[in-house]
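Notes follow once the structure below has been shown.
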Amino acid sequence: MAIKPLITLKNVTKEFRFGKEPMRILRDVSLEIQPEQFAILLGPSGSGKSTLLHTLLGLEHPTSGQIIIANERLDLKKPDDLARFRLSRIGIIYQKSDWIRSLTVLDNVAFPLAILGIRRKEREARAMALLKQFGMDQRAKFIPSELSGGQQQKVQIARALVNNPTILVADEPTGNLDTESAEKVMQTFKKLNEEKKLTIIMVTHNMEYVHYASQTIYVRDGKVLSGTGTFLS
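Residue numbers (our numbering): 792 to 1024.
What follows is the structure, encoded as structure tokens:
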């Protein structure tokens, strides 16, 4: 029996309007990502890969087409429902860390659990366990701005995992890191994929990271060109 895709995009287009003229950023994109894949969206700057990721997440609404994740049609959901879906199912890591500056590292990691209404004692315990896993427990009471770039990215990963997501999404997560720190982040993703069975979707323009992927999705001029894994033409 064939495994059902975790993520399916069918004929997705995305247009933005600049004045009277529409600009099509995504052009009839169709693809599938199976559970437990490490999928890399690869393409040059301006190719549409970040727009593709944001549309997949429901952060941008498609102009047309279907987006199905875990048997749910994201393109039909209202904004509040999309936010709840992301909070419960998806961990997100950005290139530039987005912190609540007045909170400690521990409280930043625990914050998604506070939104879910989980009691302080439990959310702090879960957040601290993840910080310890990434060797950051000794900096739990620091303010994020006191950490190095590599340390902040470790904390971002911890925060993305605190809700026990089934999908981990990373948008250019190594873009602001030195080579050594970037390699450590990639090794962490690979370990999470292999040991925790997380489905990972990562956007990058760096060809050096392709060997980490079990599925590579090449994006150029708003189109999916080719790759390894399962694709729809």
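Built from N, CA and C at the ideal position, the CB exists for glycine as well. Only a predicted model underlies this, so the values are computations on that prediction, with no experimental measurement involved.
Proximity below 7 Å, CB of residue i to CB of residue j
i    : j     : result
A951 : G882  : yes
R880 : T957  : yes
I816 : T842  : yes
V896 : F925  : no
K981 : Y1003 : yes
T804 : S855  : yes
Q857 : N967  : no
Best match in the options for proximity to residue i [C-alpha to C-alpha]
i    : options                   : result
I794 : Q825, N802, S821 and G810 : Q825
M927 : N899, A861, M993 and R911 : N899
S939 : S972, L959 and R911       : S972
E863 : H852, E851, D871 and F876 : F876
Q944 : D872, D819, L989 and M977 : M977
N984 : I948, H845, L865 and T846 : I948
M993 : T979, L833, L894 and A931 : L833
L959 : F902, E827, W890 and L921 : E827
Bridge-paired residues (DSSP) for residue i
i    : result
M977 : Partner(s): none; M977 has no beta bridge.
Outcome for residue i when other beta-carbon atoms lying within 10 angstroms are tallied against a minimum of 16
i     : result
T970  : exposed
I991  : buried
N954  : buried
Q1006 : buried
D962  : buried
L1023 : Low per-residue confidence applies at L1023: pLDDT is 39, beneath 50, and the placement is therefore not dependable enough to give any value.
R910  : exposed
F809  : exposed
E913  : exposed
Continuous beta strand (DSSP E) stretch holding residue i: start and end
i    : result
E823 : E812 to I824
S836 : Where S836 is concerned, there is no enclosing beta strand (DSSP E), given that its DSSP letter is neither H nor E.
S936 : No beta strand (DSSP E) contains S936, which DSSP labels as neither H nor E.
Range of the contiguous alpha helix (DSSP H) that encloses residue i
i    : result
N899 : V896 to I906
E915 : R911 to Q924
Q943 : G940 to L952
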